[in-house]
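Residue numbers (our numbering): 642 to 915.
Even glycine gets a Cβ: it sits at the ideal position worked out from N, Cα and C.
Take a look at the structure below.
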């Protein structure tokens, strides 16, 4: 079984890890379109084009399913791609429903500008948040801090929290914090610390992994297992490939997952710039 996992950069590795807990024996092709990152502040039409081109690459590679591990790509492109796709396309959505079902207080959603301003989120909130407990907050620049992986990126992220996000947190006093971008999941531990013990942190990775199982097998997903020590993962990036591959391997290794040597990762050309 071969599964394509797509993101605008490294953030979608957190989604891949969630999928590994359910499907550790599958072969994964991970593609980060860093040549066009970040998607969150781009024209939705361009995001649809780049996502469609990545999707075609996955089809050529013979995947059995495609996971859009990017909320911005999901918001812009999932619906039109699904109309004629011969394989399941799983899109990532912020774990808003889970937060609302679990929490009784307000919920703070952190996401990209494209996600916050998109029709997909508006329609979702109209359907599940009649009490208007969710406050969406666009976080321009936060994805770039995480993706850049500069030596002081965690300090920069903490400063971003203090200066641009904590005022919303202090005003709303939420009981739930939803990470609406897979890049933010790199900071999950920090967000839990910054938010404090009275605020739980949510992301959509486990939800999309369970949905992937249901689409592939037609049954409810089992309980997630431990991460495997090694996995068949092919890493592909549209720019800065050598550095991104090293960062990806290092981050997977920090979670105890090594790449199996027989899956060779390759360099691919950037997608068109429209």
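Residue 653 is positioned such that its CB atom lies closer than 8 Å to that of residue 673. Distances from the alpha-carbon of residue 687 to those of 742, 878 and 716 put 716 closest. The Cβ atoms of residue 660 and residue 823 lie no closer than 8 Å to each other. Our two residues, residue 881 and residue 746, have alpha carbons roughly 43 Å apart in a direct line. Inclusion of residue 856 and residue 731 in the CB contact set at 8 Å is warranted, their separation being smaller than that value.
Membership of residue 865 in any alpha helix (DSSP H) is not indicated, and neither H nor E is assigned to it by DSSP. Here residue 781 really is in contact with residue 754; their C-beta atoms are around 6 Å apart, less than 8 Å. Taking C-beta atoms as the reference points, residue 842 and residue 806 fail to come closer than 8 Å. Closest in C-alpha terms to residue 813, from the list 875, 836, 706 and 749, comes 749. Exposure of residue 773 is indicated by the presence of fewer than 16 other C-beta atoms within 10 angstroms of its C-beta.
Taking C-beta atoms as the reference points, residue 649 and residue 720 fail to come closer than 8 Å. Sequence-distant partners of residue 769 (beyond 5 residues in either direction) whose C-beta falls short of 7 Å from its own C-beta, in its chain, are 737, 738 and 741. The alpha carbon of residue 743 has as its nearest neighbour, out of 771, 840 and 835, the alpha carbon of 840. Counting along the chain, residue 750 sits inside the beta strand (DSSP E) bounded by residues 748 to 752.
Leaving aside the five residues that flank residue 665 on each side, the residues in its chain whose CB is nearer than 6 Å to its CB run, in chain order, 869. By the CB criterion at 8 Å, residue 766 and residue 757 fall outside the cutoff. Leaving aside the five residues that flank residue 778 on each side, the residues in its chain whose CB is nearer than 6 Å to its CB run, in chain order, 751 and 809. Relative to the Cα of residue 734, the nearest Cα in the group 723, 707 and 762 belongs to 762. Pairing residue 669 with residue 657 gives a Cβ-Cβ distance under 8 Å.
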